[in-house]
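If you read the sequences in order, they're chains A and B. Start counting the first sequence at 0; every next residue gets the next number (numbering that gives the first Met the number 0). Start counting the second sequence at 0; every next residue gets the next number (numbering that gives the first Met the number 0). Idealized CB from N, CA, C, for every residue including glycine.
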Amino acid sequence: MSKRHSTGGRLLNREKALHFTFNGQKFSGYEGDTLASSLLANDQMLVGRSFKYHRPRGVVAAGAEEPNGLVNMGEGGRFEPNQRVTTTELFDGLTARSQNHWPSLEFDIGVVNSRLARFLPAGFYYKMFIHPRPFWKYIYEPFIRQSAGLGQAPKEPDADTYEHFYHFCDLLIIGGGIAGLQAAKTAAKSGARVMLIEQTGHWGGRAVVDGGMVDGDPVDNYVEQTVAELAALDNVTLRTRMMGAGVYDHGYVLGYEQLRDHLPGSMGPRHRLWRIRAGHIVTATGAIERPLSFAGNDVPGVTLAAAVRDYLVNYGVSIGQRTVVVTNNDDAYRTAFALHDAGLSVPAILDARTGLGKTDMRERAEARGITVMAGHAVASVKGGKRVTGIAVCKQEGAGAVVQEIACDAVAMSGGWSPVVHLWSHCGGKLQWDADHAFFRPDADKAPTGDAGQPFVTVAGAANGALKLADILEDADAGARAAAAQIGHKIRKSKSPVAQREEEAPLEPVWLMPAEAEVKLRSKAWLDYQNDVKVSDVQLAAQEGFESVEHAKRYTTLGMATDQGKLSNINGLAILSDALGRPIPQTGTTTFRPPYTPISMGAIGGEARGEVFQPLRRTPMHDWHAAHGADWEPVGHWRRPYAFVRDGERLKDSVNREVLNTRRNLGLLDASTLGKIIVKGPDAPKFLDMMYTNMMSTLKPGKCRYGLMCSENGFLIDDGVVARLDEQTYLCHTTTGGAERIHQHMEEWLQTEWWDWQVYVANVTEQYAQVAVVGPNARRALEKLGGMDVSKEALGFMEWADGTLGGFKVRAYRISFSGELSYEIAVDASHGLALWEKLMEAGAAFGVMPYGTEALHILRAEKGFIMIGDETDGTVIPQDLGLDWAISKKKEDFLGKRAQARRHMTDPKRWKLVGLETLSGAVIPDGAYAIGEGTNANGQRNVIGRVTSTYYSPTLDRGIAMGLVLYGPDRMGEVISFPGTEGATFKARIVDPVFYDKEGEKQNV
Amino acid sequence: MLILTCPVCSVTAEETEFHGGGEAHLTRFGPGASEEEFENYLFMRENPRGVHFERWRHVYGCGKWFHAARCTTTLEVFGTYPAQTLEPPKTLRAQISKKRPGWFWRGFE
Ligand SMILES: [Zn+2]
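Now the structure itself:
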């Protein structure tokens, strides 16, 4: 059993008890505890179930590498899944629930998967799901749904706030263990701006647990003094609870700071995402202990040896009262000594090293009366939900049991792997260190910056220096090299010297025992979180998955939320062995950021709710809001979809607005339309290239509807162009197109025709624009008084400057509705005043404002296309029957050559037609028309699709436009559009102009 | 996230201030071009491992387009220069040759 001792626990404040619940049960711990240590203090060894087989799992590590201890934390708006118990600091009122089991942690139905293990081998998903399709619906999907996902998704909006910080420093040091501290101390002397970050709440890393002497003092003192010295320096920034999440191009780093996870509900943001640009980066990220692969190495109570030490020293918690230590290296002996010194029983150290002689550590163990069994290994672990004992065998051999030992915990150590993740994120390469059996950074192949210079240096255990004395030396040297990289010199000075301990070399042990039979191998876990066993990786190799990246995906090794921090090296050693090739030849999988998962909230930062993105408002925005506007987002704008009156349904409002505009007078806020000034001696020539139409022949005072295509020939925008004078045009674009088209023009001017004298300016927001539409439009403007707006003075497709109602305006006679229509532009600052004046003047003529939906219906009744409805990036003007707007006289324009390509001139391209349902009903948006026969996939052939579809109040029937195969040649034919739920819409192909085909109404 | 220096306004900034615009030094083909010429112009792009020439726009700065010579494997930026040119400047090509002897890109070396 695991329990808390009455003494010990260097991080605890035993004066302050904290209360929390786990699966509804009440527990208590102390300030300074992690959730893991407080659970273990309460003998809660079982913390979760594994992903695939639902095996009982306990805490195996003490830090960020923990694969098993993931829980659902909090309630409501503070609920979050997959929180790691080993890195969760305990607070009063914490609530946690274990994951991935049903109905309860103790009794889990899914454990049946475990009995089906032989039916769930590596590559199970790939192998099974090829087979009969009906199986998907009735067997696979329900099975996967039940098993999938470790945590639950939150159901309520996040109650916390988050923020982003930008930071710049000369030197960023990631990791606040002794390597990071020493590197910061050395580097700070150069005067460089240094930032040192540590992912936990404490400085000093492992060293303070493992002990040792620096300059004759205990290492704790060295840590305390160094932190104090650094804190006093102006050029050093220190942050704890801040992880270096990822290293990116040219020294860009994401830092993830957990400000208030340990103080929930207190004021301020919960997490902060730091976006750091560093001149140089030192990663001092330490090393992670590897598990050993033996049968039953996942039974709760089997723990990493260093973690056993961590819980004892930091929290006064022992995982077991009788702990067998199993190892292939000297470091795990420290765990045996710590346990023994705390009065706990250590029945044996199983040292798998076959060649182990009289070592210093062995002598120290035996002096304490601890039995060291050299060349011995764990054959299997006894117990289900916790360890009850182990069977011992020889490491060399197939696992014949020589002895059984009763125990309640196993402390295992398979050696250490440097944390090379951050080094590798941006391209740092690794080399295999055969002496220590790990990958370490290859200093000659560092990630490189903008000038080709290395921008990451690795220090301490992360660099493969595992002993205290080596770590300090390496950190000092690393800091000097890093400072030199950014042009800072550090005067020679004495660096601290640590006492050296003799250590015997480790012997690599990838499988225990070496010749383990399949019965044992299929119980030896590599990846705890994804339930990948030694036998799975061997099977993958046998089935031909030789690339480590393929084997990873086939077995899912290292693909869980811990990204295989414990399993990767062991897994690829097994793979290499199975393939009969050396480990370095197999290589590692790719290390990808973030180092451990970061919250979605931190990624979003402040960008949520109202500040998610900037909102663009027209000068009349508030008026619309006060008059019932039902908003529609259009780009970053909000436009009124319709103005809803009391007691009205939205669609009634739309119909009223359409009918009133056709019969009386409607006002539309058209301010959002893009307005681009194109000016200069070469402006006519330039616009001839930009538009398919001839714009150079347009006379000043006139307007022309223009189409713009990309060089691919596809229609990208449309709008009315007004020629202001010989050298100046004003080009209207769609609401969403203003910025895009402005940039499109700039691009061609800057990069292709840079010798042409043209200037373009986006003046969209300089003007407010009001469309005055309907048979009474002229009367309303005349009532305002000022410029002559008669047909003679201002004809259709003309514009004029003048005054109206005292406002300086530019009036365009253009129509997107088919009605008599003016668009009146004023300085934006006068927009609201003009709008109100028009509403007042129009009162006698039945004026009503109308929104974007009425606008759409009015244009659809006239068969006018809308960019984004009739076009989707694959439609050319010819598809839409707009050949009349494509100049035949021009030698060149953007898209001309492309429109001559074979596929573009294919008569089989679907063409625009109008569609009238026989029943008068409205065809669903996006519906496809069905033709004869089936295609190669056995699906029915399609011969067209709906691009716009509305109820027309003017005609009191459904109208639609669509692209149809041979459409214009099939006028009068009836085609079928299947809808949802078995309905089919029969529609007659008609002319797309449904209303006022002769265009008489707009030209009065 | 790259750091680039705009050769027009001389500002050194984060990649988020810029917008990538694909391959540099394309020659436009219009009406009169053969199918093959036009296809090459429109679709065929270099995908080198090493020296590459790209178009960038200083979109949240001066708004100008420029070209960058960059190594696609090490991310080293050899230099940037204004877009109003048909070929990379000689001095830049010489600099690249020092660092990547024997480089070759679309007929430039
Ligand atoms: Zn610039």
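TODO: Indicate, with yes or no, if ligand 1 has a heavy atom lying under 7 Å from the CB of V10(B).
DONE: Stepping through the second sequence from its first residue, residue 10(B) is reached at position 11. Correct: V10(B) has its Cβ closer than 7 Å to ligand 1.
TODO: Consult DSSP for D340(A) and reduce its assignment to one of helix, strand or coil.
DONE: Position 341 of the first sequence, counted from the first residue, corresponds to residue 340(A). D340(A) carries a helical assignment under DSSP once its states are collapsed to helix, strand and coil.
Open item on the list: Helix, strand or coil, according to DSSP, for Q94(B) in the structure here?
Closed with: What you label residue 94(B) is simply residue 95 of the second sequence in a count that begins at 1. Reduced to three states, the DSSP call for Q94(B) is helix.
Open item on the list: Tell me which residues share the same chain as W509(A) and place their Cβ nearer than 7 Å to its Cβ, disregarding the 5 neighbours each side in the sequence.
Closed with: Working through the first sequence from its first residue, we reach residue 509(A) at position 510. Here the set comprises S292, N569, A572, I573, D576.
Open item on the list: Could you check if C61(B) belongs to the surroundings of ligand 1, using beta carbon to heavy atom distance under 7 Å?
Closed with: Translated into positions along the second sequence, residue 61(B) becomes position 62. The answer is yes for C61(B).
TODO: Could you tell me the distance, in whole angstroms, from the CA atom of P613(A) to the CA atom of G62(B)?
DONE: Start at 1 with the first residue of the first sequence, and residue 613(A) comes out as number 614. Start at 1 with the first residue of the second sequence, and residue 62(B) comes out as number 63. Each residue's Cα considered, the two are about 20 Å apart.
Task: One or two residues paired with K1005(A) in a DSSP bridge - done: Lying before the first or after the last residue shown, residue 1005(A) is absent from chain A, which here runs from 0 to 1003.
TODO: Please look up how many angstroms separate the CB atoms of R956(A) and E818(A), rounded, as I've assumed it's under 8 Å.
DONE: By 1-based counting over the first sequence, the position of residue 956(A) is 957. By 1-based counting over the first sequence, the position of residue 818(A) is 819. In this structure R956(A) is not in contact with E818(A), their Cβ atoms being roughly 20 Å apart against a cut-off of 8 Å.
- [ ] Compute every distance between the C-beta of V323(A) and the non-hydrogen atoms of ligand 2, then say whether any falls below 7 Å.
- [x] Absence of ligand 2 is noted for the structure shown, with ligand 1 being the only ligands found.
- [ ] Leaving out five residues on either side along the sequence, give the residues of the same chain with a beta carbon under 6 Å from the beta carbon of T86(A).
- [x] What you label residue 86(A) is simply residue 87 of the first sequence in a count that begins at 1. If we look at T86(A) and ignore the five residues flanking it on each side, its Cβ neighbours are A63.
Open item on the list: Quick check on M360(A): buried or exposed, where buried means 16 or more other Cβ atoms within 10 Å of its Cβ?
Closed with: As a position in the first sequence, residue 360(A) is number 361, starting the count at 1. It counts as buried.
TODO: Between the Cα of N234(A) and those of A294(A), F167(A), R259(A), H201(A), spot the shortest distance and give me the residue it belongs to.
DONE: Counting from one through the first sequence, the residue named residue 234(A) turns up at place 235. Among A294(A), F167(A), R259(A), H201(A), the Cα nearest to that of N234(A) belongs to F167(A).
Task: Rounded Cβ spacing between S1(A) and A16(A) (contact assumed at less than 8 Å) - done: Mapped onto the first sequence, residue 1(A) falls at position 2. Mapped onto the first sequence, residue 16(A) falls at position 17. In fact, because the Cβ distance is near 18 Å, the residues do not count as touching under 8 Å.
Open item on the list: Any heavy atom of ligand 1 closer than 7 Å to the beta-carbon of C5(B)?
Closed with: Within the second sequence, numbered from 1, the residue matching residue 5(B) stands at position 6. Yes, Cβ of C5(B) sits closer than 7 Å to a heavy atom of ligand 1.
Task: Environment of G543(A) [buried if 16+ CB atoms lie within 10 Å] - done: Taking the first residue of the first sequence as 1, we reach residue 543(A) at position 544. The residue in question, G543(A), is exposed, as its Cβ has fewer than 16 Cβ neighbours within 10 Å.
Open item on the list: To the nearest angstrom, how far is the alpha carbon of L911(A) from that of S918(A)?
Closed with: Locating residue 911(A) in the first sequence gives position 912, counting from the first residue. Locating residue 918(A) in the first sequence gives position 919, counting from the first residue. Computed Cα separation, rounded: 21 Å.
Open item on the list: My assumption, with CB atoms under 8 Å, is that S816(A) sits in contact with L857(A). Please give the rounded CB distance.
Closed with: The residue you call residue 816(A) lines up with position 817 of the first sequence. The residue you call residue 857(A) lines up with position 858 of the first sequence. About 4 Å; that satisfies the 8 Å criterion.
Open item on the list: Please state the DSSP three-state secondary structure of H53(A).
Closed with: As a working mapping, residue 53(A) is identified with position 54 in the first sequence. Per DSSP, reduced to three states, the secondary structure at H53(A) is coil, with no helix or strand assignment.
Open item on the list: Taking the beta carbon of P407(A) as the centre, do at least 16 other beta carbons fall within 10 Å, making it buried, or is it exposed?
Closed with: By one-based count along the first sequence, residue 407(A) stands at place 408. Note on residue identity: the sequence assigns Asp, not Pro, to residue 407(A). With 16 or more neighbouring CB atoms inside 10 Å of its own CB, D407(A) falls in the buried class.
Task: Whole beta strand (DSSP E) elements within the stretch 518-583 of chain A, 3-residue minimum - done: The qualifying runs are 524-526.
Open item on the list: The alpha helix (DSSP H) that contains R361(A), what's its start and end?
Closed with: By 1-based counting over the first sequence, the position of residue 361(A) is 362. Per DSSP, R361(A) belongs to the alpha helix (DSSP H) from 359-366.
Open item on the list: Along the chain, where does the alpha helix (DSSP H) containing F37(B) start, and where does it finish?
Closed with: The residue given as residue 37(B) occupies position 38 in the second sequence. Here the alpha helix (DSSP H) through F37(B) covers 34-41.
Task: Local conformation of K684(A) per DSSP, three classes - done: Here the question's residue 684(A) lines up with position 685 in the first sequence. Here K684(A) carries a helix assignment [DSSP, helix/strand/coil].
- [ ] With a 10 Å radius around its C-beta and 16 neighbouring C-beta atoms as the bar for buried, classify L954(A) as buried or exposed.
- [x] In the first sequence, the residue the question calls residue 954(A) occupies position 955. Classification of L954(A): exposed, given that the 10 Å Cβ count is below 16.
Task: Sequence-distant residues of its chain with Cβ nearer than 6 Å to V10(B) (five each side left out) - done: On the second sequence, residue 10(B) is found 11 positions in, with the first residue counted as 1. Excluding sequence neighbours, V10(B) sits near G60.
Task: Three-state secondary structure (DSSP) of D724(A) - done: Residue numbering aside, residue 724(A) sits at position 725 when the first sequence is read from its first letter. D724(A): strand per DSSP, three-state reduction.
Open item on the list: In whole angstroms, give me the CA-to-CA distance for R333(A) and Q224(A).
Closed with: Sequence index remark: in the first sequence, residue 333(A) carries index 334 (1-based). Sequence index remark: in the first sequence, residue 224(A) carries index 225 (1-based). So the two alpha carbons sit approximately 25 Å from each other.
TODO: Answer yes or no: does any C-beta atom of chain A fall closer than 8 Å to that of L85(B)?
DONE: Here residue 85(B) corresponds to residue number 86 of the second sequence, with the count starting at 1. No, L85(B) lies away from the interface with chain A (no Cβ there is under 8 Å from its Cβ).
Task: Option in S494(A), Y52(A), L465(A) with minimal Cα separation from H435(A) - done: As a first step, residue 435(A) is located in the first sequence; it is residue number 436 there, counting from the start. Nearest to H435(A) by C-alpha distance, out of S494(A), Y52(A), L465(A), is L465(A).
TODO: Closer than 7 Å by beta-carbon distance: list the chain B residues that pair up with N711(A), in chain order.
DONE: Along the first sequence, one-based indexing puts residue 711(A) at 712. Result: L41.
Open item on the list: Taking 8 Å as the threshold (C-beta atoms), are V400(A) and V1004(A) in contact?
Closed with: Outside the modelled stretch of chain A, which goes from 0 to 1003, sits residue 1004(A), for which no answer is possible.
- [ ] For the alpha helix (DSSP H) containing A641(A), list its first residue and its last residue.
- [x] Position 642 of the first sequence, counted from the first residue, corresponds to residue 641(A). It is not in any alpha helix (DSSP H) - A641(A) instead sits in the beta strand (DSSP E) that spans 636-642.
TODO: At 3 residues or longer, and completely inside the stretch 810-873 of chain A: list those beta strand (DSSP E) runs for me, N to C.
DONE: Counting only runs of at least 3 residues, the stretch 810-873 of chain A fully encloses the following beta strand (DSSP E) elements, listed from N- to C-terminal order: 820-826, 846-848.
Open item on the list: Suppose you measure from the CA of Q257(A) to the CA of T554(A); what does that come to, to the nearest Å?
Closed with: Position 258 of the first sequence, counted from the start, is the residue given in the question as residue 257(A). Position 555 of the first sequence, counted from the start, is the residue given in the question as residue 554(A). Taking the straight line from one Cα to the other gives about 33 Å.
Task: Partner residues on chain B for T33(A), Cβ-Cβ distance less than 8 Å - done: Locating residue 33(A) in the first sequence gives position 34, where the first residue counts as 1. Here the premise fails: no neighbours, minimum Cβ distance about 34 Å.
- [ ] Could you tell me whether any non-hydrogen atom of ligand 1 is closer than 7 Å to the CB of W57(B)?
- [x] Your numbering for residue 57(B) matches position 58 in the second sequence. Here residue 57(B) is His; the residue named in the question, Trp, does not match the sequence. At least one heavy atom of ligand 1 is nearer than 7 Å to the Cβ of H57(B), so yes.
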